[in-house]
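Reviewing the structure listed below.
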Amino acid sequence: VSGNVIRDPKLSWVLPGIMLLMFGIKYRFHIDNNRNDRELVAYVKQLQNPDTHILICPRFYCLNFSYYYDRAAFSQVRGSERFDVVDSHLRRGGVYSVWHISEYSDNPNIASASHILFVDAAASVTNPENAVLEHLKSDMTLERTETFNELFTVYEFRK
């Protein structure tokens, strides 16, 4: 555009340069996706004690969760097996990602837990038949809930 209007070769890049400069000044390099993963994990860590088991539903959210919860687990991500590696590492620490209530009730470690933090990462939208929350509410006492940006909710349960 400026090459047709400005005939001097030295000045032909002035207008595109100014436009690029303005774009660079106005552009937001960090766009918030409003998921608040960092705040959610900080809240979970605040409530957690040595007897706590953490349930995450749906399962795929464990990658996002592990990034802030356990950077060592997340750094083990390599290739296609990344989910399994992170998931098994987190399970050793009492963090279980589940799709359905059967994964919870079939696991004796979780079923006998006296303190559970349930991270509902929009499971009612992505996996509405999971029944984890309903089962926890029937088996345990709900102590508190905290919602993060209308998408994710942390439920604290005790026996």
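In this text, residue positions in the sequence shown follow my numbering: the first is 3, and each later residue adds one. Every residue gets a Cβ at the ideal spot worked out from N, C-alpha and C, and that includes glycine.
Give the straight-line distance between the Cα atoms of residue 115 and residue 96, rounded to the nearest whole angstrom.
For the purposes of this step, residue 115 is identified with residue 113 of the sequence shown, where counting begins at 1. For the purposes of this step, residue 96 is identified with residue 94 of the sequence shown, where counting begins at 1. Between residue 115 and residue 96, the C-alpha separation is close to 10 Å.
State the DSSP-derived secondary structure class of residue 153, mapped to helix, strand or coil.
Start at 1 with the first residue of the sequence shown, and residue 153 comes out as number 151. Coil.
When 161, 54, 155, 159 are compared against residue 60, the one with the closest alpha-carbon:
Here residue 60 is taken as the residue at index 58 of the sequence shown, counted from 1. The candidate whose alpha carbon is nearest that of residue 60 is 155.
With burial defined as no fewer than 16 other Cβ atoms inside 10 Å of the residue's Cβ, what is the status of residue 2: buried or exposed?
Nothing about residue 2 can be read from this structure; the chain reaches only from 3 to 161.
Starting from residue 99 and walking both ways along the alpha helix (DSSP H), at which residues does that stretch end?
Indexing the sequence shown from 1 puts residue 99 at position 97. Unbroken run through residue 99 is the beta strand (DSSP E), 97-99; no alpha helix (DSSP H).
Mind reading off the beta-carbon distance from residue 124 to residue 153? Whole number of angstroms is fine, and I expect it under 8 Å.
Mapped onto the sequence shown, residue 124 falls at position 122. Mapped onto the sequence shown, residue 153 falls at position 151. Their Cβ separation, rounded to whole angstroms, is 5 Å, which keeps residue 124 and residue 153 in contact under 8 Å.
Using a Cβ-Cβ cutoff of less than 7 Å, which residues in the same chain neighbour residue 64 once the five nearest sequence positions on both sides are dropped?
Here residue 64 refers to the residue found at position 62 when the sequence shown is read from its first residue. 58, 88, 89, 92, 99.
CA-to-CA distance, residue 150 to residue 5, given in whole angstroms
Sequence index remark: in the sequence shown, residue 5 carries index 3 (1-based). Sequence index remark: in the sequence shown, residue 150 carries index 148 (1-based). Because residue 5 carries a pLDDT of 47, less than 50, the predicted location of this residue cannot be relied on, and the following value inherits that uncertainty. One C-alpha to the other measures close to 51 Å.
For residue 118, list the residues DSSP reports as bridge partners.
Taking the first residue of the sequence shown as position 1, residue 118 is located at position 116. According to DSSP, which records beta bridges pairwise, residue 118 is partnered with 55, 159.
Roughly how many angstroms separate the alpha carbons of residue 117 and residue 161, rounded to a whole number?
Position 115 of the sequence shown, counted from the start, is the residue given in the question as residue 117. Position 159 of the sequence shown, counted from the start, is the residue given in the question as residue 161. Each residue's Cα considered, the two are about 7 Å apart.
Check whether the region 64-76 touches the region 43-54, counting contact only when three or more Cβ pairs, one atom from each stretch, lie closer than 8 Å.
yes
Tell me where the alpha helix (DSSP H) around residue 89 begins and ends.
As a position in the sequence shown, residue 89 is number 87, starting the count at 1. 84-94 is the extent of the alpha helix (DSSP H) around residue 89.
Who are the near neighbours of residue 3 in its chain, counting only those whose CB is closer than 6 Å to its CB and skipping five residues on each side?
Taking the sequence shown and counting its residues from 1, one reaches residue 3 at position 1. Bear in mind that a pLDDT of 46 at residue 3, under 50, signals an unreliable position, so the model cannot answer this.
Buried or exposed for residue 20, going by 16 or more other Cβ atoms inside 10 Å?
In the sequence shown, residue 20 corresponds to position 18, counting from 1. Exposed, because fewer than 16 other Cβ atoms sit within 10 Å of the Cβ of residue 20.
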